[in-house]
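Residue numbers (this note's numbering), protein chains in the order written: chain A, 7 to 252; chain B, -17 to 281. We treat Cβ as the ideally placed atom computed from N, Cα and C, and that holds for glycine.
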Amino acid sequence: MIQFLNVSKTYEECRVALDRVTFELGRGEFGFLTGPSGAGKTTLLRLIYREALPDSGQVLIRGRNVGALPLSKVPFLRRRIGVVFQDCRLIDRKTVFENVGYLPRVLGIGLRDRRRLAYQALRQVGLAHRMRSFPPELSRGEQQRVAIARALINEPEILLADEPTGNLDPELSREVFRVFRQINATGTTVLAATHSPALITEFGGRVLVLDRGRLVGDQRLVGRHGPDYLQLVQEEPRRVARRGGP
Amino acid sequence: MSLLRILLFFVREAYVNLRRSWRVSLLAVFTITTSLFVGGLFLLLSENLARLLEEWRSQAKVIVYLSAPPSADQRNDLLQKLERASWVEGVREVSAERAQQRFAEIFPSLADLTLEWSEAPLPESLEVSLAPASSGDDGLPAWLAELRRHPAVELVDDDRDWLRQLELLVGVFRGVGLTLGALLLAAATLTIASVIRLTAYLYRDEIAVLRLIGATEFYIRGPFYAEGLVQGATGGLAALAGLYAAYRLIRPQSDAALLGTVLVGDFLPMAQLLFLLVLGAAAGLLGAILSVRREAGVL
């Protein structure tokens, strides 16, 4: 579903964000993207939804080079990808329903169907009763769940989450990832960037470890019972350093 | 998505934008109103002048003053010459006595003056009416020059000479108005562009969200286009209302004053009112396009 082929990205200030990253995430996979701050997690996600372009290499979604897409086609790519951010990015002046139903509105879907779709998406995250509320009236966890509902409303093939639990307490974080797991169970490919080893070990899945722009780890964990993730993320940078570093 | 639904969405979003930044929007509307009002005022005045010119042109005559007294042969030759010319519609002879009588009618206080003279003070003349299509005829000036050289003719007075000068003046007046209007309209367009850029800046987070969920550029920019259009059209409507108010204000006094009659005889025709309205809306739309184009770096 998602393929990175030797992808490098350097920002203007000569900071290497990604360095020859290659991996493939299959359809319906549940992936974690982890690593220290500034490792390139956000850049990697941005390349998938064409918020940024690689300097070299290719990012393929269902075999199609995202970097080669004309600008006019980018919105259509994004409609197939749901994105959730740490800061939710909800529109405060619009109700929960309006926030969640924005994409169907863009697609020209009528009010009744929009309401039905928004209801379904919000029910998935347990917030169907807050349709008429405004984001500032919700807790951080609820806001994050609204953002997830917004990302889900078009039944995306891919769900990307960039530190979605960064501002949430452990219990709310687990709640968010439980939702992600449910969505993944319906066949959606999920890739979530997180700093939280606890969440990774608890929910398991494919774990991609980035460090200073390089992919230094790629393993599969089986929830709590898989290999110790803490050991993985702590040892990988050390191992890289021993090898001479990236 | 049906076009009507899209337009409704654009208008609704534009309304929200306008309400959110109503002060600067008012400024934009005011600038466009001012520019269209000034341009429209020049248009109103020049249209009335042009109408008056046309009226005067239709009544314009060539007055041929005869040398006193022309011989019968000279006189007949002159009359034949006039009748033969294709651009002459009619010739009316005005005797010296009739000229004196007219003078007395037009200037009653000076009538006594002519009575004191022993000879006829005013010459006999021929009033030549020209066919309406003759003004553009290239042969006419040469024919008039030939007429001036005729032995029976003392002087040829062509009304169209001063009408031409007046025409030139109206042209200059219209040119000044158009230039001023265009400059003000350009300023108004830039003001609208700035106002919309400001609105877009206020909504930059929402725009980012829209992009993220897959809204097309048309969908993102549409409300801003609608906003510019609404501002421009509102400015246009306000300018038309202002123009009409100015017309109504000057009109009652114009019956007494020649200048008023000349300047505001009629209000602008519907086509020109619509033109001003469309011009305002177009200026607003242009301002919006300028402000939210990709190169502007706002969106």
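Query raised in the report: Would a check of beta-carbon distances place A/V112 closer than 7 Å to chain B?
Result: yes
Query raised in the report: Looking at the structure shown, is A/A167 part of a helix, part of a strand, or coil, going by DSSP?
Result: strand
Query raised in the report: Helix, strand or coil for B/I45 per DSSP?
Result: strand
Query - Close beta carbons around B/T181, own chain, < 6 Å, minus the five adjacent residues each side - result: N(-1) and S3
**Report entry** Residues within the segment 187 to 202 of chain B neighbouring chain A, beta-carbon criterion of under 8 Å
**Finding:** Within the segment 187 to 202 of chain B, D187, E188, A190, V191, L192, R193, L194, I195, G196, A197, T198, E199 and Y201 place their CB atoms closer than 8 Å to a CB of chain A, listed in sequence order.
Report task. Check whether the Cβ atoms of A/L216 and A/A45 sit closer than 7 Å, and answer yes or no. Result -> With respect to the 7 Å criterion, A/L216 and A/A45 are classified as neighbours on the basis of their beta carbons.
Query raised in the report: So, is the C-beta of A/R122 closer than 7 Å to a C-beta in chain B?
Result: no
Query raised in the report: Does any C-beta atom of chain B lie closer than 7 Å to the C-beta of A/L109?
Result: yes
Requested in this report: Tell me, to the nearest whole angstrom, how far the beta carbon of A/Q130 is from that of A/C94; I am working on the premise that it is less than 8 Å.
Outcome: A/Q130 to A/C94, Cβ: 17 Å. No contact.
Requested in this report: Would you kindly work out how many angstroms separate the C-alpha atoms of B/D141 and B/S40, rounded to a whole number?
Outcome: 11 Å
Query raised in the report: Does the beta carbon of A/P76 sit closer than 7 Å to a beta carbon anywhere in chain B?
Result: Not a single CB atom of chain B sits nearer than 7 Å to the CB of A/P76.
Requested in this report: Out of A/A58, A/D224, A/P203 and A/F103, state which residue places its alpha-carbon closest to the alpha-carbon of A/R122.
Outcome: A/F103
**Report entry** Candidates A/V228, A/V222, A/L221 and A/V196, of which the one nearest A/A204 by Cα
**Finding:** A/V228
Requested in this report: Would you mind reading off the limits of the alpha helix (DSSP H) that contains B/R146?
Outcome: Membership of B/R146 in the alpha helix (DSSP H) is indicated by the continuous run D141 to L184.
**Report entry** DSSP-derived helix/strand/coil call for A/G37
**Finding:** strand
Query raised in the report: Quick one: what does DSSP say A/I8 is sitting in, helix, strand or coil?
Result: strand
Report task. Compute the minimum distance between the beta carbon of A/G88 and the heavy atoms of the ligand ATP, and state whether it is under 6 Å. Result -> As far as ligands go, the structure on display features none, and thus does not contain the ligand ATP.
Report task. Output, in chain order, the set of chain B residues within a Cβ distance shorter than 8 Å of A/F82. Result -> G196
Query raised in the report: Comparing alpha-carbon positions, which option in B/G204, B/A67 and B/L26 lies nearest B/R(-13)?
Result: B/G204
Requested in this report: Counting only the same chain and skipping the five closest in sequence on each side, list residues whose C-beta sits under 6 Å from that of B/A220.
Outcome: The residues are T15.
Query raised in the report: Residue range of the alpha helix (DSSP H) that B/A253 falls in?
Result: For B/A253, the enclosing alpha helix (DSSP H) begins and ends at M252 to V274.
Query raised in the report: At least one CB of chain B closer than 7 Å to the CB of A/E89: is that the case?
Result: Per the sequence shown, residue 89 of chain A should be read as Val rather than Glu. In terms of beta-carbon proximity, A/V89 lines the interface with chain B, with at least one pair separated by less than 7 Å.
Query - Contacting residues, own chain, Cβ-Cβ under 8 Å from A/L109 (five flanking each side not counted) - result: Exclusion of the five residues before and after A/L109 leaves R85, R156, I159 and N160 as the residues of its chain whose Cβ lies within less than 8 Å of its Cβ.
Query raised in the report: Which value, in whole angstroms, describes the spacing of the CA atoms of B/A223 and B/S91?
Result: Using only the alpha carbons, I get a separation of about 46 Å.
Requested in this report: Look at A/F10 and A/F38 and say whether their C-beta atoms are less than 7 Å apart.
Outcome: no
Report task. Pick helix, strand or coil for A/A198, following the three-state DSSP scheme. Result -> strand
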